[in-house]
Each structure stands twice: as structure tokens, then as C-alpha cells.
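Scroll down for the structure; my scribbles are underneath it.
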Amino acid sequence: MDCLKNFIAGKYAKYFCVLLSWMFCSQLFANSQIAGYWLVPDDENGGKIQSAVLMYENGGKYYCRMLVIYDEDSGKIIDTISKPAERAKAIAGNPYLCGKDFIWGLTYNKANKRFAGKVVDPDTGKIYKCEVWYNEDKNCLVVRGEIFIFGKNAYWPEATENMLPKSERLDPQKLEPDLLLKNAQ
């Protein structure tokens, strides 16, 4: 009888460990899917790429930092962290856009498998609820800004490091949040 109990306990213990491992790994995989470099197309300009960003994790939350801004006509880089030019006119102090986090505080919601946080529109200074998730079918990041029940999805294709100048490639492990809005929570 003791052998049978030990067999059952051992058998279920293995399944339990496998289940826990799978749950832990799927959580890590979901989190790692949003981290990385992304291209931000301009929906109002025929989908031309307007900027490149880095989504990174710090302290269990995710942030999105503006790295470069492209000219809408030529597609050439016109604004970078190392040579900032464009400013957030609607934000107090008119900070530079490049090098600042405009999405912040993203935490994972297991129920809907999305990250939720805040996003600021640098042109208006308005803050919106934000949801982010990876869309496997479209192979892109979906960023949804919401106010009340209304929202809009943006689809960001993945960028590779070699799409960015070396001076604009950041080590996500060394980043600390640097919000466009200093008093944002």
C-alpha cells in the first residue's frame, strides 16, 4: 500500500512540477514578446515609419522609449537620442522626445493576456489608458490607446538592432525609466 501511495504521489508530483514549469515559462514568454525594438508607422501618412522605439522592462513593469524619428517624406533619420531635435510642445518644460519614455507602467494581466499601463500624446499632453500585446498572426506588437470605452489600435512591426544607428542602440538591462511626464504615475 505504501508503494502505491509513493507511486501516485511521485506521479502527480511530476505532473505538478511540469504544469508549474509550463505556467512559469509561458508567463516569461508572454513578457519577453513585447520587449525589444519596434517601428512605429504613421497611420495618417500611408503607414510610413515615423519612429523606432525600445520596449524594456524595469522593476517588473514595461516602458517604451523613443529612440529615433524619421522624416515623413525621405524616410531618413532626423532626430535621435544623441542629437535630439523634436520637442514635446504640450508637455511642461518642452522635453525632447527622443530618449524619453512615452508609455509607462505596463503590467501583465493574466486574464486577457495583455499589458496595461499609460501612454501620453506628446502633441496634446493628454494621458490615455494603454494596452499592449503581441499579435502572433500579424507578427507585430499591438498598442491600444483608450479613453473611456473608445480606443484605437496601432500595429508596430518588429525592428532589428541593425536598423538603428549604433549610437541609438541601448542596453535594456541598464535603462532606468525616464518619463516624458515627470509627475506621471
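Position 78 (the sequence shown) corresponds to 1344 in my numbering; numbering is contiguous. Think of the CB as a built atom: it goes at the ideal place given N, C-alpha and C, for glycine as much as any other residue.
Considering only C-alpha positions, which residue in the set the options is nearest to residue i?
i            : options                : result
residue 1406 : 1419, 1394, 1412       : 1419
residue 1380 : 1409, 1417, 1429       : 1409
residue 1311 : 1403, 1373, 1440, 1340 : 1340
residue 1411 : 1425, 1434, 1384, 1391 : 1384
residue 1334 : 1301, 1393, 1320, 1391 : 1320
residue 1388 : 1369, 1373, 1376       : 1369
residue 1392 : 1413, 1377, 1401       : 1413
residue 1394 : 1403, 1372, 1401       : 1372
residue 1402 : 1386, 1421, 1415, 1309 : 1421
residue 1376 : 1397, 1390, 1303       : 1397
residue 1364 : 1378, 1349, 1429       : 1349
residue 1519 : 1367, 1430, 1378, 1431 : Because the chain is modelled from 1267 through 1451, residue 1519 falls outside the range shown and cannot be assessed.
residue 1331 : 1309, 1300, 1416, 1400 : 1300
Count the other CB atoms, across all protein chains shown, that sit within 10 Å of the CB of residue i; report buried if there are 16 or more and exposed otherwise.
i            : result
residue 1346 : buried
residue 1318 : buried
residue 1288 : Caution applies to residue 1288, whose pLDDT of 35 falls short of 50 and renders its modelled position unreliable; the value that the coordinates give is listed next. With fewer than 16 Cβ atoms within 10 Å of its Cβ, residue 1288 is classed as exposed.
residue 1440 : exposed
residue 1358 : exposed
residue 1425 : buried
residue 1448 : exposed
residue 1356 : exposed
residue 1434 : buried
residue 1446 : buried
residue 1354 : buried
residue 1292 : Unreliable placement is indicated for residue 1292, whose pLDDT of 35 sits below 50; the coordinate value is still reported in the next sentence. Burial call: exposed.
Starting from residue i, follow its DSSP beta bridges and name the residues at the other end.
i            : result
residue 1372 : 1328
Which parts of the segment 1291 to 1356 are runs of the beta strand (DSSP E), unbroken and 3 residues or longer, counting only runs that do not cross its ends?
-> Uninterrupted beta strand (DSSP E) stretches at least 3 residues long and entirely within the segment 1291 to 1356 occur at 1302 to 1308, 1314 to 1324, 1327 to 1336, 1343 to 1346, given in chain order.
Please go through the segment 1380 to 1451 and give each complete beta strand (DSSP E) segment of 3 or more residues, from N-terminal end onward.
-> Entirely contained in the segment 1380 to 1451, the beta strand (DSSP E) runs reaching 3 residues are, in chain order, 1380 to 1386, 1393 to 1401, 1406 to 1413, 1416 to 1423.
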